[in-house]
Amino acid sequence: MNSFGRIFRVNVFGESHGESVGVNIDGVPAGIPLKQEDFLPDLERRKAGAKGTTPRKEEDLPFLKSGVFNDHTTGAPVTILFENNNTRSADYAKLREFPRPGHADFVATQKYGGFEDYRGGGHFSGRLTLNLVAAGVIAKKILGSNIQVKAVLKEVGGYPDAEQGLEAAIAAKDSVGGIVECTVDGLPIGLGEPFFDSVESSLAHAVFAIPAIKGIEFGAGFAAAKMKGLEHNDAIIDKSGKTATNNAGGVVGGITNGNPLVFRIAVKPTSSTPKVQETLNVVSGQVEEFSVKGRHDLCIALRVPVVLEAVTAMVLADFMLLEMRAPRVWK
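Residue numbers for the sequence shown follow our numbering, so the first one is 63 and each next one is one higher.
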């Protein structure tokens, strides 16, 4: 449900317009240096305010509530809270009549009987990716300096140049999606627990917890379907397992092979488009025109790279602890 991981176990909570959102992380090794300032660089990367992002601005300061003493983790669960201060809940009042296409409004009401917090998307909001980024900061510390996780924006609205993609979206007065690529260097051989906890399946599980993600591919990905076997196979060229190509994306048989882990994700266009839409009015029972109010991202993909790094680090830190390749007590 709202928890993920086996040893490094992440539990998220909160709603977009509630008092706060937060994360509780169990299995964090003791002795890791950890201060509020450690979270700020990645949290800043996720923040809104840049061109194409929502005008909603929050401080996004992480308040460490448990699991940290004398600026080091204690081995107990770490709890982190983020306050919600810049909300405009009145923008969402009309959504009770008009469930927004592409959002969870309709299905959430059906599932939870109308008791769900609908303001700003509630528990389904991208606001909760704050929790993932915070968990990712700790996960990156567990991975250490030898393992580097880096995600970059590859496309916006079909354009390799993000600025061009945004300009096209602005001209069309509509939202756009994008593609984000993640690369991990320095992974050891042997991470992954086939069948159901292979590296790919675990990463895919975590990645699809990020709102708006609609697809994932590793290495050559879907292009592999058009390749011949000899063309796709990665020839091993030395005893370290290095390969001449990396069509497998660093994973064979669900297990890391020592080459860079490479995968890409597809981010859908923001559902809250500026365009007038049609949807069911649940009060009248008729399909009617309406427009979405509130503050929204023109392109969610702009803020996804740091979130993708975070969930990737979460998965890999869990594997490293499971394989006993990362210590449970840091000294």
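Just so you know, even glycine gets a beta-carbon here, dropped at the ideal spot from N, CA and C.
Fair warning: this is a prediction, and the values are worked out from it, not measured in the lab.
- prompt: Which runs of the beta strand (DSSP E) fall wholly inside the segment 256-321 and span at least 3 residues, in chain order?
  reply: Contiguous beta strand (DSSP E) elements confined to the segment 256-321 occur at 275-280, taking only those with 3 or more residues.
query: Would you call the CB atoms of Pro256 and Gly320 closer than 8 angstroms?
result: By 1-based counting over the sequence shown, the position of residue 256 is 194. By 1-based counting over the sequence shown, the position of residue 320 is 258. Contact flag unset, no.
- prompt: Of the residues Val140, Lys119, Leu190, which one's Cα is nearest the Cα of Phe125?
  reply: As a position in the sequence shown, residue 125 is number 63, starting the count at 1. A check of alpha carbon separations from Phe125 across Val140, Lys119, Leu190 identifies Val140 as the nearest.
task: Would you please state the rounded distance, in angstroms, between the beta carbons of Thr341 and Pro161? I believe it to be under 8 angstroms.
output: Within the sequence shown, the letter at position 279 stands for residue 341. Within the sequence shown, the letter at position 99 stands for residue 161. 6 angstroms between Cβ atoms; contact.
- request: For Phe258, count neighbouring C-beta atoms within 10 Å of its own C-beta (all shown protein chains included) and say buried if the count is 16 or more, exposed if not.
  value: Indexing the sequence shown from 1 puts residue 258 at position 196. If you draw a 10 Å sphere on the C-beta of Phe258, you find fewer than 16 other C-beta atoms in it, and that means exposed.
- request: Kindly identify the DSSP beta-bridge partner or partners of Phe177.
  value: The count along the sequence shown starts at 1 and reaches residue 177 at position 115. Phe177 is not bridged to any residue.
query: Thr191 and Ile87: beta carbons closer than 8 angstroms?
result: If you number the sequence shown from 1, residue 191 lands on position 129. If you number the sequence shown from 1, residue 87 lands on position 25. No; because the gap between Cβ atoms is not below 8 angstroms, this pair is not in contact.
- prompt: DSSP three-state call for Leu384: helix, strand or coil?
  reply: Position 322 of the sequence shown, counting from 1, holds the residue named residue 384. Here Leu384 sits in helix by DSSP.
Within 8 angstroms, strictly: CB atoms of Ser82 and Phe144: Along the sequence shown, read from residue 1 onward, the residue named residue 82 stands at position 20. Along the sequence shown, read from residue 1 onward, the residue named residue 144 stands at position 82. Closer than 8 angstroms, so yes.
- prompt: Terminal residues of the continuous beta strand (DSSP E) containing Leu215?
  reply: Taking the first residue of the sequence shown as position 1, residue 215 is located at position 153. Element bounds for Leu215: 210-218.
task: Drop a sphere of 10 angstroms on the beta-carbon of Asn148, count the other beta-carbons inside from all chains shown, and report buried for 16 or more, exposed for fewer.
output: On the sequence shown, residue 148 is found 86 positions in, with the first residue counted as 1. Exposed, by the Cβ-count rule.
query: Distance, Cα to Cα, Glu106 vs Lys290?
result: In the sequence shown, residue 106 corresponds to position 44, counting from 1. In the sequence shown, residue 290 corresponds to position 228, counting from 1. Approximately 44 angstroms between the Cα atoms of the pair.
Whether Ala231 touches Leu360 by CB criterion (8 angstroms): The residue labelled residue 231 in the question sits at position 169 within the sequence shown. The residue labelled residue 360 in the question sits at position 298 within the sequence shown. Contact flag set, yes.
- request: Could you say which of Ser346, Val349, Val238, Ile204 lies nearest to Arg365 if we only look at CA atoms?
  value: Reading the sequence shown from its first residue, position 303 is the one you call residue 365. Closest by alpha carbon: Val238.
- prompt: Between Phe177 and the rest of its own chain, which residues show a CB-CB distance below 7 angstroms, the 5 nearest in sequence each way excluded?
  reply: Translated into the one-based positions of the sequence shown, residue 177 becomes position 115. Spatial neighbours of Phe177 in its own chain (CB-CB distance under 7 angstroms, excluding positions within 5 residues in sequence) are not present.
query: From Thr136 to Arg390, what distance separates their C-alpha atoms?
result: Position 74 of the sequence shown, counting from 1, holds the residue named residue 136. Position 328 of the sequence shown, counting from 1, holds the residue named residue 390. Answer to the nearest angstrom: the Cα atoms are 11 angstroms apart.
- prompt: Does the separation of the CB atoms of Phe66 and Ala234 fall below 8 angstroms?
  reply: As a first step, residue 66 is located in the sequence shown; it is residue number 4 there, counting from the start. As a first step, residue 234 is located in the sequence shown; it is residue number 172 there, counting from the start. Contact: no.
query: Should Gly281 and Asn309 be called a contact, given that it needs their Cβ atoms to be closer than 8 angstroms?
result: Residue 281 sits at position 219 when you count from the first residue of the sequence shown. Residue 309 sits at position 247 when you count from the first residue of the sequence shown. Closer than 8 angstroms, so yes.
- prompt: Is there contact between the segment 193-210 and the segment 87-100, where contact requires at least three CB pairs shorter than 8 angstroms?
  reply: Verdict: yes, contact present.
- prompt: To the nearest angstrom, how far is it from the Cα of Glu279 to the Cα of Asn132?
  reply: As a working note, residue 279 is residue 217 in the sequence shown. As a working note, residue 132 is residue 70 in the sequence shown. Taking the straight line from one Cα to the other gives about 42 angstroms.
message: Is it buried or exposed, Glu371, if we count other Cβ atoms within 10 angstroms and call 16 or more buried?
response: As a position in the sequence shown, residue 371 is number 309, starting the count at 1. Residue burial annotation: Glu371 is buried, with at least 16 other C-beta atoms found within 10 angstroms of its C-beta.
query: Are Val261 and Ile317 touching if we call contact CB-CB under 8 angstroms?
result: Position 199 of the sequence shown, counting from 1, holds the residue named residue 261. Position 255 of the sequence shown, counting from 1, holds the residue named residue 317. A contact, by the Cβ cut-off of 8 angstroms.
task: Return helix, strand or coil for Pro95, following the three-state DSSP convention.
output: In the sequence shown, the residue the question calls residue 95 occupies position 33. DSSP places Pro95 in strand when its eight states are reduced to three.
- request: Could you spell out where the alpha helix (DSSP H) holding Glu225 opens and where it closes?
  value: For the purposes of this step, residue 225 is identified with residue 163 of the sequence shown, where counting begins at 1. For Glu225, the enclosing alpha helix (DSSP H) starts and ends at 224-234.
task: May I ask you to list the residues that DSSP assigns as paired with Phe352?
output: Walking along the sequence shown from the start, residue 352 turns up at place 290. The bridge partners DSSP lists for Phe352 are Gln339.
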